[in-house]
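Please read the structure below before turning to the comments.
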């Protein structure tokens, strides 16, 4: 199996609670525009460098962003 | 590999020799800067590795992964699910304590959190618009020993463009584009082989990853799509997916939140805890049920079932 690829994935799912300011933003209906979805792409890129993954493409809906990654 | 980003939730799924957990401290800092300074729930899981000796820190073994997570979280529980002399599955989760978990490394003093913040967090913890859909359900199907003919679709072909063009060919050829016909799909064919798909439908997703080479072929399917019809719908989805890959062995895990379990009659609650294993087995000719395990966690029921084909 020299060069064989490890298929089974590691899977992490994290649910966060907002601080009071973010709760107030949510109450005003603006939270969906903030939170994690407001994080800049280069910040995710730097985090994914640690994982050894690169972003290949991104699709979005009103509720969620999906990043397709290398590796 | 894939990443799904919601305003309050992040899902990261990576294969190969990636070092997913090393990113967790960065992830927590990013979340804190985004106004999300507490982890409400965390799930980390993986199937047993095929080539564990090739992994890097902190993935050199389950105990190393658990130690890494225990250094970050006060309240964590680690589980090994399934037969240890066959395919098995690992799970680490944090149970919400008083609706929040305190991060050792980021919020050292829980008492420093203002009472206002705590009250707001409790009030909003049950707000489905913000945090937890009432019927949150994640289904994962992990398949090995794929049928060689079925696996051929996931190879790059002579003269074919890899990347998204090849991905679209695979979507149509395999029927993966029929899982949810309304979904927005983003698929990618690697060279010389391998395939990844992210699909979005409103606030829900499904994702597929395939390694087709004989000897270590593997495919995964994961979704939080709402499946009307409960366990029967799960079994129909499993049949649809298994028909595409025709694996020699596969396991199904179902995480299901039961926000209203306490209001149901006892016998209905027990029934709701049962995984769809019998329904799946009845729908699949040739595959036998080899294992079936049910857990009840705080707010979630978890079902694990494994199947093997009588080839």
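Residue numbers (this note's numbering), protein chains in the order written: chain S, 175 to 245; chain C, 4 to 314. Yeah, the Cβ is synthetic: ideal placement off N, Cα and C, and Gly gets one too.
C-beta atoms of residue i and residue j nearer than 8 Å
i: residue 225 (chain C); j: residue 147 (chain C); result: no
i: residue 11 (chain C); j: residue 189 (chain S); result: yes
i: residue 7 (chain C); j: residue 45 (chain C); result: no
i: residue 176 (chain C); j: residue 153 (chain C); result: no
i: residue 295 (chain C); j: residue 308 (chain C); result: yes
i: residue 242 (chain S); j: residue 201 (chain C); result: yes
i: residue 208 (chain C); j: residue 212 (chain S); result: no
i: residue 250 (chain C); j: residue 149 (chain C); result: yes
i: residue 244 (chain S); j: residue 4 (chain C); result: yes
i: residue 214 (chain C); j: residue 225 (chain S); result: no
i: residue 231 (chain C); j: residue 210 (chain S); result: no
i: residue 196 (chain C); j: residue 221 (chain C); result: no
i: residue 233 (chain S); j: residue 66 (chain C); result: no
i: residue 174 (chain C); j: residue 183 (chain C); result: no
Among the options, nearest to residue i - alpha-carbon criterion
i: residue 88 (chain C); options: C:293, C:174, C:313 and C:297; result: C:293
i: residue 241 (chain C); options: C:34, C:254 and C:296; result: C:254
i: residue 299 (chain C); options: C:281, C:81 and C:259; result: C:259
i: residue 185 (chain C); options: S:245, S:239, S:244 and S:235; result: S:235
i: residue 2 (chain C); options: C:69, C:181, C:229 and C:236; result: Here chain C has residues from 4 to 314 only, and residue 2 (chain C) is not among them.
i: residue 297 (chain C); options: C:159, C:204, C:85 and C:158; result: C:85
i: residue 218 (chain C); options: C:171, C:54 and C:181; result: C:54
i: residue 180 (chain S); options: C:57, C:36, C:9 and C:33; result: C:57
i: residue 78 (chain C); options: C:33, C:261, C:301 and C:212; result: C:301
i: residue 229 (chain S); options: C:182, C:199 and C:174; result: C:199
i: residue 144 (chain C); options: C:22, C:159, C:212 and C:36; result: C:212
i: residue 98 (chain C); options: C:170, C:221 and C:47; result: C:47
i: residue 220 (chain S); options: C:32, C:52 and C:51; result: C:32
i: residue 81 (chain C); options: C:238, C:183 and C:95; result: C:95
i: residue 305 (chain C); options: C:179, C:170, C:311 and C:261; result: C:261
i: residue 290 (chain C); options: C:257, C:256, C:252 and C:303; result: C:252
i: residue 52 (chain C); options: C:74, C:174 and C:91; result: C:91
i: residue 222 (chain S); options: C:311, C:30 and C:83; result: C:30
i: residue 178 (chain S); options: C:83, C:205 and C:216; result: C:216
i: residue 9 (chain C); options: C:72, C:203 and C:93; result: C:203
i: residue 239 (chain C); options: C:210, C:280, C:73 and C:169; result: C:280
i: residue 231 (chain S); options: C:74, C:139, C:170 and C:151; result: C:170
i: residue 206 (chain C); options: C:256, C:233, C:172 and C:139; result: C:139
i: residue 93 (chain C); options: C:210, C:235 and C:256; result: C:256
Heavy atom of the ligand NAP within 7 Å of residue i beta-carbon
i: residue 64 (chain C); result: Annotation note on the ligand NAP: not contained in the displayed structure, which lists no ligands.
Answer yes if the segment 283 to 294 of chain C comes into contact with the segment 61 to 69 of chain C, meaning at least three C-beta pairs across the two stretches below 8 Å, and no otherwise. no
In chain order, which alpha helix (DSSP H) runs of at least 4 residues are fully inside the segment 162 to 204 of chain C? 166 to 177
Assess, as a yes-or-no matter, whether the segment 175 to 191 of chain S is touched by the segment 5 to 17 of chain C under the definition of 3 or more beta carbon pairs within less than 8 Å. yes
Output, in sequence order along the chain, the residues in the segment 73 to 101 of chain C whose CB is closer than 8 Å to any CB in chain S. none
Within the chosen definition, does the segment 21 to 29 of chain C reach the segment 230 to 247 of chain C through at least 3 CB pairs nearer than 8 Å? no
Can we say the segment 38 to 57 of chain C touches the segment 216 to 234 of chain S, given the rule of at least three CB pairs closer than 8 Å? no
Check whether the segment 157 to 164 of chain C touches the segment 192 to 202 of chain C, taking contact to mean three or more Cβ pairs, one atom from each stretch, closer than 8 Å. yes
Of all the residues that make up the segment 35 to 52 of chain C, which are near chain S by a beta-carbon distance shorter than 9 Å? 35, 36, 37, 38, 39, 40, 41, 42, 43, 44, 45, 46, 47, 48, 49, 50, 51 and 52
List in chain order: all unbroken alpha helix (DSSP H) runs of 4+ residues lying wholly within the segment 27 to 88 of chain C. 27 to 36 and 65 to 73
Which residues, in order along the segment 228 to 242 of chain S, keep a beta-carbon less than 7 Å from a beta-carbon of chain C? 230, 231, 233, 235, 237, 238, 239, 240, 241 and 242
Residues of the segment 4 to 16 of chain C with a CB closer than 9 Å to any CB of chain S: list them in chain order, please. 4, 5, 6, 7, 8, 9, 10, 11, 12, 13, 14, 15 and 16
Name the residues in the segment 179 to 195 of chain S whose C-beta lies less than 8 Å from a C-beta of chain C; which are they? 179, 180, 181, 182, 183, 184, 185, 186, 187, 188, 189, 190, 191, 192, 193, 194 and 195
Taking a Cβ distance cut-off of 9 Å, strictly less, list which residues of the segment 208 to 229 of chain C are near chain S, in chain order. 208, 210, 212, 213, 214, 216, 218, 219, 220, 221, 222, 223 and 225
Taking only beta carbons into account, state which residues of the segment 215 to 226 of chain S come closer than 8 Å to chain C, listed in chain order. 217, 218, 220, 221, 222, 224, 225 and 226
Interface residues of the segment 178 to 193 of chain C facing chain S [CB-CB below 9 Å]: 187, 188, 189, 190, 191 and 193
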